[in-house]
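Undergrad: Here's a structure for you.
In the UniProt record's numbering, the protein residues as written are 1 to 883.
See the structure below:
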């Protein structure tokens with residue numbers, strides 16, 4: 001019997017004969033292939049690249065040019081990255097474009113990426129605004145009108161279906177931050193699905209759009225724009241999106257290096273390799289017991305083949321052929337179903353995306369790679385059973401006895417060495433790598449799991465040796481597991497690998513959450529709230545100007561607060577606003593006695609003022625301690641300005657005033673007495689001034705905020721307050737101090753981890769248990785023949801599940817601690833502070849999710865054992881033993 005053909009025929013016949021085991025293996029390999037293939041179809045369709053990207057960005061134009069006023073270095077698709085290398089004295093013009101692209105080139109002005117706050121009911125929503133002549137042929141494809149018509153005059157606009165679904169209809173007049181625009185059409189925006197979008201003619205959306213819009217941009221019709229022309233326009237100070245370049249992008253190494261830009265390809269490949277390796281390993285371990293049982297069923301046939309002159313290579317080939325046949329079948333089914341499921345899920349997934357997907361895109365080479373991985377996992381799962389089957393004792397098997405050889409001690413010793421390497425690699429990731437510790441730790445996780453797999457046989461044997469004091473059913477299960485290591489080890493390893501991954505990710509996420517909780521700094525007293533309005537702005541003669549909010553705005557704020565929380569106590573906060581009133585701005589520069597004396601100030605942005613004005617009564621919005629409040633109040637009562645500093649001592653205050661028409665500041669030293677109060681962290685404002693000092697300096701005292709003392713606001717009231725205040729003005733903002741709030745995403749993630757770990761644990765344990773029970777039917781029938789009750793067989797089944805699940809969970813927890821604890825160093829050493837704090841406990845932070853681990857190690861194994869005990873067959877027919 002030479003070649004693979006006879007082995008494949010035998011494998012196919014065995015697959016048809018053992019339909020249950022075949023279905024189990026095919027299912028375990030099909031599911032991951034199906035899931036990954038479906039994800040690949042959805043991902044490829046969702047990605048908008050090349051020609052698809054060109055149609056959305058350019059319409060029917062050949063290029064899009066944005067003037068930035070600096071020499072540009074860009075990647076072929078500027079969305080992937082662009083930067084500037086030097087300033088220019090002039091901004092690129094339409095004449096420059098025709099000079100580079102040809103005199104017969106035609107340009108069309110377009111301005112977008114402007115977001116306006118538009119009233120909707122008693123709230124405001126963010127609307128993306130664009131000005132372009134949609135009637136020009138170059139804009140074909142940017143917007144498709146489904147109802148009404150295109151705008152033909154200033155003050156007219158079309159909106160997308162995402163905006164119309166919020167209640168906007170044709171004929172309605174929109175308030176675009178002070179400019180009225182009538183809706184004359186509704187249609188589909190080429191890019192945005194649910195983001196409200198409004199589009200009008202150039203100059204047709206009002207002054208707020210003009211004040212917010214940035215550099216000029218043009219759509220260009222000139223024929224293909226080459227990469228050399230793009231680079232020429234870059235030198236003139238323009239960012240260019242070219243249809244020709246997007247369709248056939250050049251090499252970007254030079255541009256990427258010049259920008260200091262990392263394409264991230266190396267990191268991407270590393271992450272994909274890690275994920276693929278772990279996925280393959282998990283599938284191999286889950287499918288391993290099935291191939292081990294299959295090889296066990298074929299042991300007599302393989303022994304007869306060996307007795308007839310067959311070689312160990314031929315025996316291995318027969319078992320490996322099972323992997324080839326079942327893997328190919330599962331991969332084909334998974335790939336086909338994956339494509340179908342992916343296409344079916346596209347409308348569902350589209351609902352969760354703010355942008356339209358591209359046309360259906362099935363990357364067949366990716367589907368082939370996924371299918372090949374499925375086939376490879378099946379073949380690799382059959383490798384160990386094939387090797388063991390080729391080394392069985394032929395005489396013992398033909399005599400009806402077990403033919404397994406005694407395991408070698410070299411593999412567990414090698415496993416300990418590999419496990420030690422995993423530990424060392426994780427330590428290196430903590431202390432030895434320069435900024436890339438995460439990758440070393442991720443690799444250490446795989447190395448540790450591989451080492452653990454090699455050690456599993458010894459652990460299983462040790463459990464069997466220690467089982468002499470166990471109850472009968474548990475003792476039988478432990479010893480049977482050790483006796484049939486070829487099916488036990490993969491099952492235990494599969495459970496352990498799953499638990500290791502869940503534990504590592506659980507430790508990483510809970511530690512990250514512990515860091516955020518420990519470094520959180522409240523802006524206010526618990527339960528208090530503030531409302532601020534930063535003011536308005538406009539563009540006059542190319543100059544950006546800011547103005548403070550008027551009293552009418554604060555009256556609307558007061559009404560919004562009353563509507564959200566009727567009767568709530570509130571205090572008006574007075575201060576010196578940073579806007580000068582003529583479009584300019586001011587701020588107070590706090591200095592020490594000498595240039596070397598640094599005064600460290602940091603604010604949370606709690607109030608939109610340059611300074612707070614108070615004559616001694618400091619409300620809780622500053623979140624000062626009692627001692628700090630007493631010191632500050634005494635200084636204010638004595639007529640001194642109070643500086644709230646984290647470090648240093650203030651000596652003088654200089655008022656810096658900026659004119660809207662001049663970038664240079666006008667410094668004015670204020671002859672104010674100054675008292676420094678040391679604070680532990682950032683506060684709402686860093687300067688508090690008595691009324692007398694503000695009046696002497698000729699600085700107007702105005703309302704800068706509203707303070708709501710601590711109260712019992714519910715989460716619903718707080719949300720309603722925030723939304724109603726936001727509806728007053730685009731610059732109005734409410735903040736309610738509720739202390740640190742655990743992100744729901746963390747809770748959901750831990751629940752997903754536990755659920756995923758539970759499913760994989762149950763799957764691996766149940767698979768191994770029922771395969772073991774099927775393989776042990778003669779032994780269990782013999783037990784029944786000598787008087788064992790049906791309950792005993794159920795007990796054996798439950799005990800086997802408990803041994804596999806518990807041993808695997810304990811090993812996985814131990815191994816999961818290695819990367820889990822190690823990753824907390826690079827993950828939490830760079831401290832992240834909540835609410836604008838600059839100081840907090842130093843990392844790293846370590847928080848072990850003991851409840852999650854308890855569920856994995858204790859609850860799930862017991863649950864699995866209970867399920868197996870309830871559903872295992874209690875009675876079996878007697879089987880004939882060969883002696």
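Just so it is clear, CB atoms sit at the ideal spot from N, CA and C, and this is done for glycine as well.
Every value quoted in this text rests on a predicted model; they were computed, and no experiment measured them.
Could you tell me the boundaries of the alpha helix (DSSP H) in which residue 230 lies?
TA: What you label residue 230 is simply residue 230 of the chain shown in a count that begins at 1. Its alpha helix (DSSP H) spans residues 227-235.
Undergrad: Just grab the DSSP bridge partners of residue 367 for me.
TA: One-based indexing of the chain shown puts residue 367 at position 367. In DSSP, residue 367 forms no bridge with anything.
Undergrad: Using a threshold of 8 Å, state whether the C-beta atoms of residue 200 and residue 504 are closer than that.
TA: Reading the chain shown from its first residue, position 200 is the one you call residue 200. Reading the chain shown from its first residue, position 504 is the one you call residue 504. Result no, Cβ atoms of residue 200 and residue 504 do not sit closer than 8 Å.
Undergrad: Does the separation of the CB atoms of residue 394 and residue 306 fall below 8 Å?
TA: The count along the chain shown starts at 1 and reaches residue 394 at position 394. The count along the chain shown starts at 1 and reaches residue 306 at position 306. In contact: residue 394 and residue 306 (Cβ atoms closer than 8 Å).
Undergrad: Measure from the alpha carbon of residue 703 to the alpha carbon of each residue in 11, 845, 799 and 533, then state which is nearest.
TA: Numbered from 1 along the chain shown, position 703 holds the residue referred to as residue 703. If we check each option's Cα against that of residue 703, 533 comes out closest.
Undergrad: Strictly by DSSP, which residues pair up with residue 707?
TA: Numbered from 1 along the chain shown, position 707 holds the residue referred to as residue 707. Its beta-bridge partners are 530 and 571.
Undergrad: Given this structure, state the Cα-to-Cα distance separating residue 10 from residue 335, to the nearest angstrom.
TA: Translated into the one-based positions of the chain shown, residue 10 becomes position 10. Translated into the one-based positions of the chain shown, residue 335 becomes position 335. So the alpha carbons of these two residues sit roughly 25 Å apart.
Undergrad: Taking the beta strand (DSSP E) that residue 82 belongs to, which residues open and close that run?
TA: In the chain shown, the residue the question calls residue 82 occupies position 82. Residue 82 -> beta strand (DSSP E) spans 82-87.
Undergrad: Suppose the cutoff is 7 Å on Cβ atoms and the five residues either side in sequence are ignored; what does the same chain contact list for residue 455 look like?
TA: As a working mapping, residue 455 is identified with position 455 in the chain shown. 412, 415, 416 and 419, listed in sequence order.
Undergrad: With distances taken from CA atoms, which of 635, 45, 55 and 169 is nearest residue 149?
TA: Numbered from 1 along the chain shown, position 149 holds the residue referred to as residue 149. The shortest C-alpha separation from residue 149 is found at 169.
Undergrad: In chain order, what residues of the same chain have a beta carbon less than 8 Å from the beta carbon of residue 629, not counting five sequence neighbours either side?
TA: Position 629 of the chain shown, counted from the start, is the residue given in the question as residue 629. Cβ neighbours of residue 629 beyond the five flanking positions: 618 and 622.
Undergrad: What are the start and end residues of the beta strand (DSSP E) that includes residue 187?
TA: Position 187 of the chain shown, counted from the start, is the residue given in the question as residue 187. Start and end: 179-189.
Undergrad: Between residue 324 and residue 298, is the Cβ-Cβ spacing less than 8 Å?
TA: Start at 1 with the first residue of the chain shown, and residue 324 comes out as number 324. Start at 1 with the first residue of the chain shown, and residue 298 comes out as number 298. Result no, Cβ atoms of residue 324 and residue 298 do not sit closer than 8 Å.
Undergrad: Residues bridged to residue 200 by DSSP?
TA: Within the chain shown, residue 200 is the residue found at index 200, counting from 1. Paired residue(s): 131 and 157.
Undergrad: Just to confirm the assignment, what range does the beta strand (DSSP E) spanning residue 241 have?
TA: If you number the chain shown from 1, residue 241 lands on position 241. Element bounds for residue 241: 238-242.
Undergrad: Roughly how many angstroms separate the alpha carbons of residue 314 and residue 481, rounded to a whole number?
TA: Residue mapping note: residue 314 aligns to position 314 of the chain shown, counting from 1. Residue mapping note: residue 481 aligns to position 481 of the chain shown, counting from 1. Whole-angstrom Cα-Cα distance: 28 Å.
Undergrad: Where does residue 387 fall in DSSP's three states?
TA: The residue labelled residue 387 in the question sits at position 387 within the chain shown. Three-state result, residue 387: helix.
Undergrad: Would you kindly report the start and end of the unbroken alpha helix (DSSP H) that includes residue 498?
TA: For this step, residue 498 is matched to residue 498 along the chain shown. Segment 485-519, the alpha helix (DSSP H) holding residue 498.
Undergrad: DSSP beta-bridge partners for residue 124?
TA: Counting from 1 along the chain shown, the entry for residue 124 is found at position 124. Residue 124 is bridged to 119.
Undergrad: Can you tell me where the beta strand (DSSP E) holding residue 676 begins and where it ends?
TA: Residue mapping note: residue 676 aligns to position 676 of the chain shown, counting from 1. Where residue 676 is concerned, the enclosing beta strand (DSSP E) stretches over 674-678.
Undergrad: Rank 738, 699 and 501 by C-alpha distance to the C-alpha of residue 761 and give the top, closest one.
TA: Your numbering for residue 761 matches position 761 in the chain shown. Ranking 738, 699 and 501 by Cα distance to residue 761 puts 501 first.
Undergrad: Does the stretch 860-869 come into contact with the stretch 801-815, if we say contact requires no fewer than three beta-carbon pairs (one atom in each stretch) closer than 8 Å?
TA: Yes: at least three Cβ pairs fall under 8 Å.
Undergrad: What is the rounded straight-line gap between the Cα of residue 27 and the Cα of residue 337?
TA: In the chain shown, residue 27 corresponds to position 27, counting from 1. In the chain shown, residue 337 corresponds to position 337, counting from 1. Computed Cα separation, rounded: 12 Å.
Undergrad: Go ahead and pull the three-state DSSP assignment for residue 740.
TA: Along the chain shown, one-based indexing puts residue 740 at 740. In this structure, residue 740 counts as coil in the three-state DSSP scheme.
Undergrad: Contact defined as beta carbons within less than 8 Å: I believe residue 377 pairs with residue 327. What is the distance between those atoms, to the nearest angstrom?
TA: The count along the chain shown starts at 1 and reaches residue 377 at position 377. The count along the chain shown starts at 1 and reaches residue 327 at position 327. Contact flag correct, Cβ pair sits at about 7 Å.
Undergrad: Specify the secondary structure class of residue 683 as computed by DSSP and reduced to three states.
TA: Locating residue 683 in the chain shown gives position 683, counting from the first residue. The answer is strand: DSSP assigns residue 683 an E or B state.
Undergrad: Inspect the beta-carbon positions of residue 386 and residue 295 and report whether they are closer than 8 Å.
TA: By one-based count along the chain shown, residue 386 stands at place 386. By one-based count along the chain shown, residue 295 stands at place 295. Contact: yes.
Undergrad: Quick one: any contact between the stretch 707-726 and the stretch 577-590, if contact means 3 or more CB pairs under 8 Å?
TA: Because the criterion of three Cβ pairs below 8 Å is not met, the stretch 707-726 and the stretch 577-590 do not touch.
Undergrad: Can the beta-carbon of residue 67 be found closer than 8 Å to that of residue 243?
TA: By 1-based counting over the chain shown, the position of residue 67 is 67. By 1-based counting over the chain shown, the position of residue 243 is 243. Against a cut-off of 8 Å, the Cβ pair of residue 243 and residue 67 comes out as no contact.
Undergrad: How about residue 218 and residue 250: are their beta carbons less than 8 Å apart?
TA: As a position in the chain shown, residue 218 is number 218, starting the count at 1. As a position in the chain shown, residue 250 is number 250, starting the count at 1. No; because the gap between Cβ atoms is not below 8 Å, this pair is not in contact.
Undergrad: So what does residue 145 bridge to, in DSSP terms?
TA: The residue you call residue 145 lines up with position 145 of the chain shown. Bridge partners of residue 145: 187.
Undergrad: To the nearest angstrom, report how far apart residue 867 and residue 765 are at their CA atoms.
TA: Locating residue 867 in the chain shown gives position 867, where the first residue counts as 1. Locating residue 765 in the chain shown gives position 765, where the first residue counts as 1. Those two C-alpha atoms are separated by around 11 Å.
Undergrad: Which first and last residues belong to the alpha helix (DSSP H) in which residue 657 is found?
TA: Reading the chain shown from its first residue, position 657 is the one you call residue 657. From DSSP, residue 657 is part of no alpha helix (DSSP H) but of the beta strand (DSSP E) over 652-659.
Undergrad: Could you check what DSSP says for residue 864 in three-state terms: helix, strand or coil?
TA: Within the chain shown, residue 864 is the residue found at index 864, counting from 1. Helix, per DSSP.
Undergrad: The alpha helix (DSSP H) with residue 779 in it runs from where to where?
TA: By 1-based counting over the chain shown, the position of residue 779 is 779. 777-785 is the span of the alpha helix (DSSP H), which, as asked, contains residue 779.
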